[in-house]
Structure formats: structure tokens, C-alpha cells
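The numbers in the sequence shown follow the numbering used here, run straight up by one, and end at 125. Before any comments, here is the structure.
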Amino acid sequence: MGKKSKPKRTPRVDRDINAPLRSSPNWAMLAISIGGMVLAGYLTFTSWSGGSVRGCSAGSGCDVVLTSRWATLF
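Here you go:
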């Protein structure tokens with residue numbers, strides 16, 4: 052009463068490693084990435100300078116979030 056051996060698997064065929072690269076950049080991804088970096092830079096600048104974020108009044112929800120302990124990385 053030994054164990055039955057499992058059937059051998061056939062090797063997977065991976066994608067072609069030498070696939071051609073895109074000829075043009077992904078413009079939507081580039082625009083979203085740049086927008087995120089600009090927003091992060093703006094929030095960092097306002098935090099370091101002690102200013103307030105545009106459209107965020109004192110006591111509003113976004114003001115509470117931006118001054119919480121979770122608003123900083125370190």
C-alpha cells in the first residue's frame with residue numbers, strides 16, 4: 052500500500068523574454084505619475100512651511116487628516 056506517484060508536469064512555456072518594447076510611452080500613466088509627484092511636493096511644501104492647503108479650512112476634515120500623526124512618513 053504505497054503512495055501513488057503523481058504524474059509528471061509538463062514544463063510551462065514562459066513568454067518571450069525578448070519581446071519588443073513599446074515604441075511610445077504610456078501617456079496616461081506618465082500624466083498620473085507626474086500629477087501624483089506634484090501633489091506630494093505641494094503637500095510637503097505646505098507642511099514644511101507651516102501654511103494651509105488651498106480649499107482646506109481650519110477644523111475641516113482634510114485639515115484634521117493633514118495634521119494627524121499618520122500624515123508623516125517618519
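For every residue, glycine included, the Cβ atom is placed at its ideal position computed from N, Cα and C. What you are looking at is a predicted structure, and each value in this text was computed from that prediction instead of being measured.
Does DSSP put residue i in a helix, a strand or coil?
i, result
"residue 109", "coil"
"residue 63", "coil"
"residue 73", "coil"
"residue 68", "coil"
What separation, rounded to the nearest whole angstrom, lies between the Cα atoms of residue i and residue j?
i, j, result
"residue 100", "residue 79", "32 Å"
"residue 88", "residue 115", "22 Å"
"residue 109", "residue 86", "25 Å"
"residue 76", "residue 83", "13 Å"
"residue 98", "residue 72", "40 Å"
"residue 102", "residue 74", "43 Å"
"residue 125", "residue 68", "39 Å"
Which residues in the same chain as residue i place their Cβ atom closer than 7 Å to its Cβ, once the five residues preceding and following it in sequence are excluded?
i, result
"residue 113", "104, 107"
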